[in-house]
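Take a look at the structure set out below.
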Amino acid sequence: MEQVSNFVSIIIERLKAHYPVVNTQLDHTNPFELLIATILSAQCTDNQVNKVTTVLFARYPDPDALAGANLDDIKKIIFSTGFYNNKAKNIKACANKIQKEFNGKVPRGINALTSLPGVGRKTANVVRSVCFNIPTIVVDTHVLRVSRRLGLTRATDSVKVEFELMDILPKTVWNDIGLQFIYFGRQICHARKPACNRCFFNDLCPFALTALPDA
DNA sequence: ATCCCGAGGG
DNA sequence: CCCTCTGGAT
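Residue 1 is where the first sequence starts when you use full-length UniProt numbering, and the numbers rise one by one after that.
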């Protein structure tokens with residue numbers, strides 16, 4: 001990061017004004033629980049994930065227990081989150097690997113985390129950011145879309161977007177900006193029909209300025 | 001219909 | 001690179 005541009009600082013200020021406090025909506029009490037909850041959150045609402053993790057963690061509270069769980073029982077518990085075959089297989093194998101190769105503790109390193117079954121870069125970054133407080137920009141579909149619309153990046157690859165954002169945003173905002181963009185993306189900057197008319201960026205957003213009125 | 005904090009396989 | 005995996009809420 002060389003120098004924060006005026007445009008970028010306005011974006012940071014307005015996000016902070018509208019979303020002063022951001023937290024993950026995924027219930028968890030430790031890194032292991034957040035890791036599993038984040039794997040389950042693919043194409044699923046946080047609320048739905050919380051319903052199943054309540055049951056899942058009561059029965060399988062740690063990597064050791066989950067690694068030894070019956071696969072069909074896991075499937076039954078997590079069914080309503082969707083993709084339940086893949087997710088069940090992944091979280092069991094993930095717990096097993098944590099148990100065997102990482103001494104029962106969720107690793108911090110990006111490479112170690114993404115080596116776990118079902119854990120890609122986004123999930124790894126969520127855990128690094130939220131649990132270990134490592135400055136990280138989590139790039140999910142919302143962050144990707146919003147960043148492109150605001151003109152912060154032109155990249156289409158989420159890893160490229162992550163690095164470009166790290167280049168223009170001060171490290172102090174990295175851990176919040178992902179969640180702020182996610183809130184913003186859910187409430188206003190929707191994928192299909194963004195609510196540009198009530199958006200607090202509509203005076204400076206390239207997308208809003210070039211989009212047809214009343215889009 | 002459309003969306004929900006993706007990842008792995010071919 | 002594109003395809004598949006999936007139920008629930010709105």
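We treat Cβ as the ideally placed atom computed from N, Cα and C, and that holds for glycine.
- Pairing residue 177 with residue 84, the inter-Cα distance amounts to about 30 Å.
- For residue 192, no alpha helix (DSSP H) segment is defined, and its DSSP state is neither H nor E.
- Between the C-alpha atoms of residue 63 and residue 32 there is a straight-line separation of about 7 Å.
- For residue 141, the enclosing alpha helix (DSSP H) stretches over residues 141–149.
- In this structure, DSSP gives residue 137 a state outside helix and strand, which the three-state scheme calls coil.
- Under the Cβ criterion (8 Å, minimum of three pairs), the stretch 198–207 does not count as touching the stretch 157–177.
- Between residue 67 and residue 99, the beta carbon gap of about 5 Å places them in contact (Cβ cut-off 8 Å).
- Taking C-beta separations shorter than 6 Å and ignoring five residues to either side along the sequence, the partners of residue 15 in its chain run 180, following chain order.
- In the three-state reduction of the DSSP assignment, residue 28 falls in the coil class, being assigned neither a helical nor a strand state.
- Out of 153, 138, 30, the CA that lies nearest to the CA of residue 131 is found in 30.
- Not a single unbroken stretch of the beta strand (DSSP E) spanning 3 or more residues falls wholly within the UniProt domain "HhH-GPD" (40–187).
- Residue 206: member of the alpha helix (DSSP H) spanning 206–210, first to last residue.
- Here the stretch 97–117 does not lie against the stretch 140–150, with fewer than 3 beta-carbon pairs under 8 Å apart.
- In the structure shown, the three-state DSSP call for residue 6 is helix.
- Of 54, 65, 94, the smallest CA-CA separation from residue 78 is found for 54.
- In summary, residue 128 is buried, with 16 or more beta-carbon neighbours lying within 10 Å of its beta-carbon over all protein chains present.
- Here residue 61 is not near residue 94, since their CB atoms are 8 Å or more apart.
- Within its own chain, the residues whose Cβ lies closer than 8 Å to the Cβ of residue 160, once the five positions on either side in sequence are excluded, are 153, listed in chain order.
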